[in-house]
Amino acid sequence: GNSVTQMEGPVTLSEEAFLTINCTYTATGYPSLFWYVQYPGEGLQLLLKATKADDKGSNKGFEATYRKETTSFHLEKGSVQVSDSAVYFCALRGMYSNYQLIWGAGTKLIIKP
Amino acid sequence: NAGVTQTPKFRVLKTGQSMTLLCAQDMNHEYMYWYRQDPGMGLRLIHYSVGEGTTAKGEVPDGYNVSRLKKQNFLLGLESAAPSQTSVYFCASSFDRASGNTIYFGEGSWLTVV
Numbered sequence: 001g002n003s004v005t006q007m008e009g010p011v012t013l014s015e016e017a018f019l020t021i022n023c024t025y026t027a028t029g030y031p032s033l034f035w036y037v038q039y040p041g042e043g044l045q046l047l048l049k050a051t052k053a054d055d056k057g058s059n060k061g062f063e064a065t066y067r068k069e070t071t072s073f074h075l076e077k078g079s080v081q082v083s084d085s086a087v088y089f090c091a092l093r094g095m096y097s098n099y100q101l102i103w104g105a106g107t108k109l110i111i112k113p
Numbered sequence: 114n115a116g117v118t119q120t121p122k123f124r125v126l127k128t129g130q131s132m133t134l135l136c137a138q139d140m141n142h143e144y145m146y147w148y149r150q151d152p153g154m155g156l157r158l159i160h161y162s163v164g165e166g167t168t169a170k171g172e173v174p175d176g177y178n179v180s181r182l183k184k185q186n187f188l189l190g191l192e193s194a195a196p197s198q199t200s201v202y203f204c205a206s207s208f209d210r211a212s213g214n215t216i217y218f219g220e221g222s223w224l225t226v227v
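Keeping their order, the protein sequence lines are chains A and B. Residues in the first sequence are numbered from 1 upward in steps of one, following this note's numbering. Residues in the second sequence are numbered from 114 upward in steps of one, following this note's numbering.
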């Protein structure tokens, strides 16, 4: 079945550091891939998505590229800010009649000033 | 822009009590979902609905019931709450099942069962 694996957290970085949060997946065909962000005390918000191989999703300085050959969708940001502190979830949605998102466990990101 | 609204936001229940979580969306979405979120785990789908009057079981449906009497509302019921149901519950909705379509989430409902 479909699955998503994220790097375990928490990830602690200093402000302006480079961020990578790894996400790999298992799925048949060509799923759509998503990154959601959850700020403290809030619901999940879509951060970015990619719907086909080699697509790059980007938003708020974050980027992720859909790599079919390595079944990965790693999240990156060149210079993080304290306001980026949150929990980040990688998810996939199967291409075959699949109503739900399959979620990674989430990675907590802590940015220190 | 209300989006997806959940009520209540916080609730403490005693074991055996019943309660209903209400979810409302104003985006005219066909699909609605209830998830639970537990520490160290991704979201798990409890039940979902593909349109008014329909419901279906998700990954962890036991102990919960749902109803979708109106397109804009999706209710999650706990008939006899158990401590294992202490969790954060998220409602979500989407336009249709197309794989690339965005799912929109409510802000969550924190439920504690003592």
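Don't be surprised by glycine CBs; every beta carbon is placed ideally from N, CA and C.
Given residue 13 of chain A, which residues of its chain have a CB within under 8 Å of its CB, disregarding the five upstream and five downstream residues?
-> 19, 80, 109, 110, 111, 112
Expressed to the nearest angstrom, what Euclidean distance is found between the alpha-carbon atoms of residue 10 of chain A and residue 107 of chain A?
-> 6 Å
From the beta carbon of residue 154 of chain B, is the nearest beta carbon of chain A less than 7 Å away?
-> yes
Less than 8 Å between the CB atoms is what I'm expecting for residue 147 of chain B and residue 189 of chain B, so what's the real figure, rounded?
-> 5 Å
What residues in its chain sit with their C-beta under 8 Å from that of residue 55 of chain A, if we drop five residues either side in the sequence?
-> 65, 66
Using a threshold of 6 Å, is the CB atom of residue 70 of chain A nearer than that to any non-hydrogen atom of the ligand GTP?
-> Absent from the structure shown: the ligand GTP. Ligands present: none.
Based on the DSSP output, what are the partners of residue 178 of chain B in its beta bridges?
-> B:190
Residues, ordered as in the chain, of the region 69-95 of chain A that lie near chain B by beta-carbon distance below 7 Å | 89, 93, 94, 95
How would you list, in chain order, the residues of chain B whose beta-carbon sits under 7 Å from the beta-carbon of residue 101 of chain A?
-> 216
Note down, in chain order, every chain A residue with its Cβ under 7 Å from the Cβ of residue 221 of chain B.
-> 43
Cβ pair residue 217 of chain B, residue 116 of chain B closer than 7 Å | yes
Quick one: is residue 150 of chain B buried, meaning 16 or more other Cβ sit within 10 Å of its Cβ, or exposed?
-> buried
May I ask you to list the residues that DSSP assigns as paired with residue 56 of chain A?
-> A:65
Note down, in chain order, each residue of its chain lying with its Cβ closer than 6 Å to the Cβ of residue 77 of chain A, except the 5 sequence neighbours on either side.
-> 19, 61, 62
Nearest to residue 171 of chain B by CA position, among A:33, A:100, A:23, is which residue?
-> A:100
Residue 111 of chain A - containing beta strand (DSSP E), residue span | 107-112
Any idea what DSSP makes of residue 82 of chain A, helix, strand or coil?
-> helix
Which residues in the same chain as residue 158 of chain B place their Cβ atom closer than 8 Å to its Cβ, once the five residues preceding and following it in sequence are excluded?
-> 146, 147, 148, 171, 172, 173
What is the DSSP secondary structure of residue 72 of chain A, reduced to helix, strand or coil?
-> strand
Where does residue 38 of chain A land, buried or exposed, given buried means 16+ other C-beta within 10 angstroms?
-> buried
Determine, using beta carbons only, whether residue 46 of chain A comes closer than 7 Å to chain B.
-> yes
In whole angstroms, what is the alpha-carbon distance linking residue 166 of chain B and residue 183 of chain B?
-> 7 Å
Ordered along the chain, which non-local residues of its own chain (more than five positions away) have a Cβ less than 7 Å from that of residue 181 of chain B?
-> 145, 162, 165, 166, 167, 168, 187
Who pairs with residue 183 of chain B in a beta bridge, going by DSSP?
-> In the DSSP output, where bridge partners are listed per residue, residue 183 of chain B has none listed.
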